[in-house]
Every structure is written in C-alpha cells, then in structure tokens.
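Engineer: Structure below; questions to follow.
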Amino acid sequence: MIKKNEINIVVAMKREATPLINYWDLKENSKKFYSNKKKKINLIISGIGKKRAEKATIYLAEKTNNNSFFLNIGIAGHKNYKLGEIILISKITDNKNKYSWYPSLLWKTKIKKAPLITVLFPKIIYTTNCLYDMEAAGFFKGARNFVGPEKAQCIKLVSDNKDSSILNISSKKIENWIYSKTPVINKLVNEFLKI
Amino acid sequence: MIETIYIENQIRQHRRTHEILSKFKKKIDIVYCDHYGEIFNIKSQNFRIQKKKPALVLAKKEGKKLHDIPKSFSIGGEKNYYFSHMLNCIYDCEYCFLQGKHMSAHYLLFVNYEDFFIEIEKKIKQNCLEKSYFFSGYDCDSLAFDGVTNFVESFLPIFEKNKNGILEIRTKSIQIQQILKHKPIDNCIIAFSFTPENVSKLIEHKVPSVKKRIDTMKKLAENGWKIGLRFDPIIPACNFAKIYENLFKNIASNVPEENIHSISFGMMRFPKKMFKRMNKENSNKRIFSLPFVNRKGIYSYNKKLENKLENIIINKLRKYMKNTPIYNCKI
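Taken in sequence, the protein lines are chains A and B. Heads up: the first sequence begins at 1160 in my numbering, then just goes up one per residue. Heads up: the second sequence begins at 18 in my numbering, then just goes up one per residue.
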C-alpha cells in the first residue's frame, strides 16, 4: 500500500475555507486549525496579509510531518481573467523586496498557469499582466523553509478584474467561486500528492 | 515533453530564444525570471522528482565559457578545454555525475552561442602553433537535444573554418541528421559513449540501444566522419571480460578502424561530496552496490580492481583495434 502524503493548506479567510472544510469534511482541532486525519489534509485560516500567512504556514509545518506538501488557496485579482477562473501560480514575487519563488510545475493539469505579485494593500489598478494577492509571498517564505519548490504550490481564484473591482467582492461570491472549483482543486491536490 | 520554459529577462528578445520557442508547437507555459539561478540553483530541490518532468531554462552564460581539462583526460592534445552550452541531459544514466553536480534536473540552455564562438576562436588564435581540443558533452549530451538547441548547425561551422581547433562532440544519441548535412571535416570527432548492452539496459535509462548507436557510428563513418569511442565509466559487471569483448568486437565489425580517431576509457570516479549527494538521492540505484573506496577524496574502485579492469580492457581492445590510440582517463 502506498503511504499517502500529508498536505498543509493555508487560506486567508474563513469564507475561502468554508467550502473546502465542507468538501473534505475537516474537523476543527483548535481555533482556525482544521484537519481530516484519514485524508491527511490540514487547513489553517491565517488571516489577511503576508506576515500572517507566513506565521500560519510555519505553525502548520511545525505541527505536522516535515515531509508534507504545502498549498496556498485563495483569491486574487487580474486585469483580464474571468471572475471565478482558477489559476495555478507559476511565479510569486514579493512586491516589497522583489524576491521571487518558482514552484515546480510537474502536474498533469489543464489549469491555466500565471505569475502573481503579493502586495501589501489591495490593488485597484492592475499595472502588469500578473495576478495580485496579499498572502502568497508570506506563505512561500514560510513553506520554503521546510520543503523544496516541488512541494509548495499556490492556487488562486480570480476575484476581481478591470471590469469588476475589489469593491464588488462579497463573502457569498468568494464562497461560490471556491465551492464551484472545489472538485478541480481536489483533483489537483490528488495530483500533488502523487510525488 | 517540455511543458514549461523559464526565460531570463535579458534574453527575452534574443534571436535564438525566438527560434527555440518556435520549435514547440504544443502549448507551453513560459515563466520569466531575472536570473536562471533563481530556478536552477535553489537548494532543497529534489533532482529525482524534477527528472520526471524537467523544464527548459533559457539563459545567458556569463563569465568564462571555456574550462581547462587535465592532460590525463586528453585524446592526444596538449591544449584541452571543455565548454557547456547546456547543463543536464535528457537521458538518465544511474552513474551520471550530473545528478550530484547540479541542484536541479531542469535543462539549462545558454543561448548566447556567439560568446562561446568568440572564446573558442580566441583560444585557437592564442595557441596557433599547436592544435587546441574543445570538448562538448561533459555537462549534457551534445546531440540528444539538437532538435531544440541547433548545436551542430551553430558550432560546426566554427570548426569548418578553424582547422587548428579540434571539436569532440560526445554523445549517446543517434540524432545525426544535422551532421550528415555537412561535408566531413578532419577536425571534428563524434565520440560515442558505451557500456555493454546488458549493462546499458539496466542503468542507462532512455538511452538508444547499443545496436542503434553502433549503426549510427557506422553511418557517420560511411560518410567520412571520424569516430571516438568512449568507455567511461567502465562498469565491473558479471562476465566482465566477455561482455566488453563482445562490445568491442561488435563495434570493430561495423566501424572501420581507419575511421576511429581514438579510444578512451576510465573507471567510475566521483568527488566525495558529489558521491555522497548522489548516494543520498539514489541509494536504491544499482551502481552503489559497486565496490567504491575513498581514494584521496575521490570515490572509485580500489587500485587492485582498477589495474585488473584496465588490463582486460586494453587487451581486449587491442585484439580488435590494433592501431587506434587508447587513452586511460586516470584520476
């Protein structure tokens, strides 16, 4: 029998986490920390911002197997991409210090890949062709202390674009976007865990 | 095969970058970076996992392009250099030092060939009173990726016009279409690496069969090209003398001796750090069951075994190739 790897998932907000908690039947272990021991899935709600994401990732890493897989799931904005579209991130740049991480793209998937920039404050004007979020750089800074580029990945769902600004985002919409893509995320998670 | 290409920003608009990208008909993901080291030199990468699906990294080679080779690894020349337009290989030989040398299994291709040409021609000019030997294929297989790199079409003309420079193209590939488009030149040696068929099948993954490689050498020889035979590393397998003799006999019966420029062989040898890293990542590989000893920081066979293997190899080679120079790449 093949030993299944453990996956540690970091999301920023409860409303992003709810569809995933329900889909994978995760139980709350402690405040903001959920897991399903059988499925070997752990999830933590970090709060908004890269510092919180980094702290939560390190917390998860220290609490779990050191050979775990790390995944950041959340929302992000992009100039042109359709709302709710799912993207696998190919490059993460911290906008403050311009440091970049490059997750290895080894997966059998048709999901679109794109680079992302982590910013300190939400973006209203999209100056590049990248996605924009507020956590991924913190997540990678934390995760890459423990694993290589193959085992830290990031999935984003488009929440805003040039036609629909961040002001139009609602909790319900976030839940719906994540909910509608949960089977796709689950498939990708299974692909990740094959390594 | 390649699904992701990383490109350094500084060569985004390089002519060769565009040429290479145009060869990929299937949809590929392109990721831009400031320096290839951000991807290639990152610590904690898993070579074995990456090897399952390597990406291509296009970059500019900065600094020195030519590196000296010790005389003990020469094929008769005094001035010997190697150059690497590419790092890593599409094949997966269990003994390959590349898996212990680089952090990454991605294929790193330097597109600024013209800078290599300048250094090569400068060196030839500098050594104008003697031949300069240039070896390609230390850090990659020179021909295996030729369909993408256009290595032959780019580098061969440099030696067509500089007869004082000798080019060795070392390979296990059978991709010789581009070579055959050229008239043979005396100062280019197409050097093929071999282990006996049964050994190759076990430890040289994705490598064309011994038969296909011999057929390829035969074709090149028929077209007037000079062939190099490289038995490096020598593997002390069961029926050692017999399987190596069969290999030499097979080659000799297909490739006329007058077309063979030189033969070289060498024992398996790894610097300590590289050996430890390879062993850590590939401890289940067959080669680590071989009798390695630490000889002044180099892991190789013990002296007694080395001498025994050397004698067998030289005797058997001489039986079939009487006049070809044989070089022993000793540590």
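Glycine residues also receive a C-beta, built at the ideal position from the N, C-alpha and C atoms.
#1: At 3 residues or longer, what runs of the beta strand (DSSP E) sit wholly inside the region 1193 to 1256 of chain A?
#2: For B:Ser149, verify whether its CB is less than 7 Å away from any heavy atom of the ligand GDP.
#3: Spatial neighbours of A:Phe1305 within its chain, please: CB distance less than 7 Å, with the 5 preceding and 5 following residues excluded, ordered by chain position.
#4: What does a CB cutoff of less than 8 Å around B:Thr188 pick up in its chain, not counting 5 residues either side in sequence?
#5: Near B:Met234, what residues of its chain come up, given a Cβ to Cβ distance below 6 Å and the 5 sequence neighbours on each side ignored?
#6: What does a CB cutoff of less than 8 Å around A:Ile1166 pick up in its chain, not counting 5 residues either side in sequence?
#7: Roughly how many angstroms lie between the CA atoms of B:Cys145 and B:Asn181, to the nearest whole one?
#8: Closest by CA to B:Lys260, which one among B:Leu184, B:Leu326, B:His123 and B:Ile280?
#9: Give a yes or no on whether the minimum CB-CB distance between A:Ile1354 and chain B is below 8 Å.
#10: Which residue wins for smallest C-alpha separation from A:Lys1300, given the options A:Thr1277, A:Tyr1285 and A:Thr1287?
#11: Just checking my contact of B:Phe176 with B:Asn215 at CB under 8 Å: how many whole Å lie between their CB atoms?
#12: With distances taken Cα to Cα, identify the nearest neighbour of A:Lys1257 among B:Leu115, B:Lys70, B:Ser149 and B:Asp51.
#13: Go ahead and label B:Asn256 buried or exposed: buried means 16 or more other beta carbons lie within 10 angstroms of its beta carbon, across all protein chains shown.
#14: Once you ignore the five residues that flank B:Asp46 on each side, which residues in its own chain have a CB closer than 6 Å to its CB?
#15: Which chain A residues sit within Cβ distance under 8 Å of B:Ala72?
#16: Would you call the CB atoms of A:Gly1206 and A:Trp1336 closer than 8 Å?
#17: Please determine if the region 64 to 75 of chain B and the region 108 to 126 of chain B are in contact, where contact requires at least 3 C-beta pairs separated by less than 8 Å.
#18: Could you name the residues of chain A that B:Thr11 contacts, counting a contact when the two beta carbons are closer than 7 Å?
#19: I'd like to check one pair, B:Ile92 with B:Tyr344: are the Cβ atoms closer than 8 Å?
#20: Thinking B:Ile348 and B:Arg294 are a contact (beta carbons under 8 Å), I'd like their distance in whole angstroms, please.
#21: Return no unless some Cβ of chain B is closer than 8 Å to the Cβ of A:Ile1161.
#22: Can you pull the chain A residues whose beta carbon is under 7 Å from the beta carbon of B:Leu30, in chain order?
#23: Would B:Cys110 count as contacting chain A if we go by Cβ distances under 8 Å?
#24: What is the DSSP secondary structure of B:Gly54, counted as helix, strand or coil?
#25: Using 8 Å as the threshold, is the C-beta distance between A:Gly1236 and A:Lys1282 below it?
#26: How about B:Lys77 and B:Phe127: are their beta carbons less than 8 Å apart?
#27: With a threshold of 7 Å on Cβ separation, who are the neighbours of B:Leu334 within its own chain once the five nearest residues in sequence on each side are excluded?
#28: Starting from A:Glu1187, trace the beta strand (DSSP E) both ways and give me its first and last residue.
#29: Is B:Met291 closer than 8 Å to B:Pro250 when the C-beta atoms are compared?
Structural biologist: According to the structure data:
#1: 1200 to 1204, 1228 to 1236 and 1245 to 1253
#2: This structure lacks the ligand GDP; in fact it carries no ligand of any kind.
#3: Looking up residue 1305 of chain A in the first sequence gives position 146. Excluding sequence neighbours, A:Phe1305 sits near Ala1220 and Asn1225.
#4: As a position in the second sequence, residue 188 of chain B is number 171, starting the count at 1. Within the same chain, B:Thr188 has close Cβ partners Gly154, Asp158, Ser159, Leu160, Ala161, Ile207, Ala208, Phe209 and Ser210.
#5: As a position in the second sequence, residue 234 of chain B is number 217, starting the count at 1. Answer for B:Met234: Phe209, Ile244 and Val272, listed in chain order.
#6: One-based indexing of the first sequence puts residue 1166 of chain A at position 7. Answer for A:Ile1166: Lys1199, Ile1200, Asn1201, Ser1227, Phe1228, Phe1229, Leu1230, Val1348, Phe1351 and Leu1352, listed in chain order.
#7: Here residue 145 of chain B refers to the residue found at position 128 when the second sequence is read from its first residue. Here residue 181 of chain B refers to the residue found at position 164 when the second sequence is read from its first residue. Taking the straight line from one Cα to the other gives about 7 Å.
#8: Stepping through the second sequence from its first residue, residue 260 of chain B is reached at position 243. Per the sequence presented here, residue 260 of chain B reads as Ile, with Lys not at that position. Closest by alpha carbon: B:Leu326.
#9: By one-based count along the first sequence, residue 1354 of chain A stands at place 195. Yes, its Cβ sits closer than 8 Å to a Cβ of chain B.
#10: Residue numbering aside, residue 1300 of chain A sits at position 141 when the first sequence is read from its first letter. If we check each option's Cα against that of A:Lys1300, A:Thr1277 comes out closest.
#11: Residue mapping note: residue 176 of chain B aligns to position 159 of the second sequence, counting from 1. Residue mapping note: residue 215 of chain B aligns to position 198 of the second sequence, counting from 1. With 8 Å as the limit, B:Phe176 and B:Asn215 do not qualify as a contact, their Cβ atoms being about 36 Å apart.
#12: In the first sequence, counting from the first residue as 1, residue 1257 of chain A sits at position 98. The shortest C-alpha separation from A:Lys1257 is found at B:Asp51.
#13: Within the second sequence, residue 256 of chain B is the residue found at index 239, counting from 1. Under this definition B:Asn256 is an exposed residue.
#14: For this step, residue 46 of chain B is matched to residue 29 along the second sequence. Only Thr21 meet the Cβ criterion.
#15: On the second sequence, position 55 is the one that residue 72 of chain B refers to. The answer, in chain order, is Ser1263 and Leu1264.
#16: Translated into positions along the first sequence, residue 1206 of chain A becomes position 47. Translated into positions along the first sequence, residue 1336 of chain A becomes position 177. In this structure, A:Trp1336 does not lie closer than 8 Å to A:Gly1206 by Cβ.
#17: yes
#18: Past the edges of chain B, shown from 18 to 348, lies residue 11 of chain B, and the structure says nothing about it.
#19: Numbered from 1 along the second sequence, position 327 holds the residue referred to as residue 344 of chain B. Numbered from 1 along the second sequence, position 75 holds the residue referred to as residue 92 of chain B. Their beta carbons are under 8 Å apart, which means B:Tyr344 touches B:Ile92 by this criterion.
#20: On the second sequence, residue 348 of chain B is found 331 positions in, with the first residue counted as 1. On the second sequence, residue 294 of chain B is found 277 positions in, with the first residue counted as 1. Actually they are not in contact, since the Cβ atoms of B:Ile348 and B:Arg294 sit about 19 Å apart, beyond 8 Å.
#21: Start at 1 with the first residue of the first sequence, and residue 1161 of chain A comes out as number 2. Low per-residue confidence applies at A:Ile1161: pLDDT is 48, beneath 50, and the placement is therefore not dependable, though the value from the model is reported in the following sentence. False, the Cβ-Cβ gap to chain B never drops below 8 Å.
#22: The residue given as residue 30 of chain B occupies position 13 in the second sequence. It is Gln, not Leu, that sits at residue 30 of chain B in the sequence shown. Near B:Gln30 there are no residues of chain A at all, since even the closest Cβ is about 17 Å away, more than 7 Å.
#23: Against the second sequence, residue 110 of chain B aligns to sequence position 93. With 8 Å as the cut-off, B:Cys110 does not count as an interface residue toward chain A.
#24: Residue numbering aside, residue 54 of chain B sits at position 37 when the second sequence is read from its first letter. The answer is helix: DSSP assigns B:Gly54 an H, G or I state.
#25: On the first sequence, position 77 is the one that residue 1236 of chain A refers to. On the first sequence, position 123 is the one that residue 1282 of chain A refers to. Their beta carbons are under 8 Å apart, which means A:Gly1236 touches A:Lys1282 by this criterion.
#26: Taking the first residue of the second sequence as 1, we reach residue 77 of chain B at position 60. Taking the first residue of the second sequence as 1, we reach residue 127 of chain B at position 110. For B:Lys77 and B:Phe127, yes; Cβs fall inside 8 Å.
#27: In the second sequence, counting from the first residue as 1, residue 334 of chain B sits at position 317. Here the set comprises Phe265, Ile280 and Ile343.
#28: As a working mapping, residue 1187 of chain A is identified with position 28 in the first sequence. Element bounds for A:Glu1187: Lys1186 to Ser1189.
#29: Here residue 250 of chain B refers to the residue found at position 233 when the second sequence is read from its first residue. Here residue 291 of chain B refers to the residue found at position 274 when the second sequence is read from its first residue. No.
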